[in-house]
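S.K.: The structure follows.
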Amino acid sequence: MNKKSVLLLGATGLVGSDCLKLLLADETFGEIAVLTRRPLTNAESNPRLREQIVDFDHPESFAGSIRSEIVVCALGTTMKKAGSKEQFRRVDFQIPFDVAQIAKANGAKQFLLVSLIGADPNTGTFYLRVKGELEKALIELGFPALSIFRPSLLLGKRAEYRLGESFAQFFGRQIPFFFPKKYKPITAEMVAHAIVSTAKQENSGMRIIESSEMQTLGKTDWKPDANRND
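Numbering-wise (numbering that gives the first Met the number 0), the sequence shown opens with residue 0 and increments by one.
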């Protein structure tokens, strides 16, 4: 059986780190390539893992090394971490779009994007507008298969503390009926599982997957990690 190769962006993030674990654990995939600015610190040793340190400001320097059939993009930042709207747009739009263009030109067939509920290129909210602009740009690129995942509030342990998310996570766990189904918080692990399950399918066309669908996608073979405390 031909094992499909995967390129992962955002492997150190909340969803991306779970995606990496699931991809490496699934023998149906071949090479798992990770583009990153700095070496991974907690990645397991695996002969299928190809870690590549790149300068995202110069995509031409690594264009020739992108050869995966599937691209998973879980890259994202916050305004606080980015420091400016320009830097936020660079991370959440320009880098994913640059990689997508290269991957498409090099023969990638499937692109899976972690976006956000409410993403809209026409909204007045900058954060959601940038997310929506990336969705629109990827649709226009014309991948044979494009899956856009729009999770609501993500549950999980981040490297940085976010007061607003911590407050909402508490209510999401303690009072689940507080949120309508569409906005119900979802664990990063479940989002990652939905992404990997989708990547294994023979997909075509464009598909938007909301949180409520992620809650059930591939549920029959998903088991939460009992050792996690998120």
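Beta carbons: idealized from backbone N, C-alpha and C, even for Gly.
Since this is a predicted model, take the numbers as computed values, not measurements.
(1) Would you call residue 82 buried or exposed, if buried means 16 or more other Cβ atoms sit within 10 Å of its Cβ?
(2) Compute the Euclidean distance between the alpha carbons of residue 129 and residue 120, then round it to the nearest angstrom.
(3) Compare the Cα-Cα distances from residue 45 to each of 14, 75, 31 and report the closest residue.
(4) For residue 54, does the count of other Cβ atoms within 10 angstroms reach 16, so buried, or fall short, so exposed?
(5) By the DSSP assignment, the alpha helix (DSSP H) with residue 103 in it spans what residues?
(6) Where does residue 155 sit, in a helix, a strand or coil, going by DSSP?
(7) Return helix, strand or coil for residue 168, following the three-state DSSP convention.
(8) Rounded C-beta distance between residue 231 and residue 109? I'm assuming under 8 Å.
(9) Answer with buried or exposed for residue 57, where buried requires no fewer than 16 other C-beta atoms within 10 angstroms of its C-beta.
(10) Taking CB distances under 7 Å as the criterion, tell me whether residue 146 reaches chain D.
(11) Could you give the residue range of the alpha helix (DSSP H) that holds residue 240?
(12) Please state whether DSSP places residue 10 in a helix, a strand or coil.
(13) Only counting runs of 4 or more residues, tell me where the alpha helix (DSSP H) segments fall wholly within the segment 0-61, in order along the chain.
(14) Please report the residue range of the alpha helix (DSSP H) in which residue 187 lies.
(15) Among 10, 187, 206, 21, which one has its Cα closest to the Cα of residue 34?
(16) Does the distance from the CB of residue 299 to the CB of residue 67 come in under 7 Å?
(17) What does the Cβ neighbour count give for residue 28, buried or exposed, with the cut at 16 atoms within 10 Å?
(18) Distance, Cα to Cα, residue 267 vs residue 23?
(19) What do you reckon, are the CB atoms on residue 21 and residue 191 nearer than 7 Å?
(20) For residue 144, which beta-bridge partners are listed by DSSP?
M.R.: Result, derived from the coordinates:
(1) When all chains shown are included, residue 82 counts as exposed.
(2) Going by the C-alpha atoms only, they are around 7 Å apart.
(3) With distances taken between Cα atoms, residue 45 lies closest to 31.
(4) Exposed.
(5) Following the DSSP letters along the chain, one finds residue 103 inside the alpha helix (DSSP H) bounded by residues 94-104.
(6) Residue state, collapsed to three classes: coil.
(7) Low per-residue confidence applies at residue 168: pLDDT is 48, beneath 50, and the placement is therefore not dependable, though the value from the model is reported in the following sentence. Note: residue 168 maps to helix in three-state DSSP.
(8) There is no way to answer for residue 231, as the model of the chain reaches only from 0 to 229.
(9) Only exposed fits residue 57, as fewer than 16 other CB atoms lie within 10 angstroms of its CB.
(10) Annotation note: the requested chain D is absent from the structure, which comprises a single protein chain.
(11) Nothing about residue 240 can be reported from this structure: the residues present for the chain run from 0 to 229 only.
(12) In the structure shown, residue 10 sits in coil (DSSP, three-state: anything other than H, G, I, E or B).
(13) With a minimum length of 4 residues, the continuous alpha helix (DSSP H) runs that stay inside the segment 0-61 are 13-24.
(14) First-last of the alpha helix (DSSP H) with residue 187: 187-198.
(15) Of the candidates 10, 187, 206, 21, the one whose C-alpha sits nearest the C-alpha of residue 34 is 10.
(16) Lying outside 0 to 229, the shown extent of the chain, residue 299 is not represented and no answer is given.
(17) Buried, since its Cβ has 16 or more Cβ neighbours within 10 Å.
(18) In this structure the chain extends from 0 to 229, so residue 267 is not present and cannot be described.
(19) Going by C-beta atoms, residue 21 is nearer than 7 Å to residue 191.
(20) 109, 204, per the DSSP bridge assignment.
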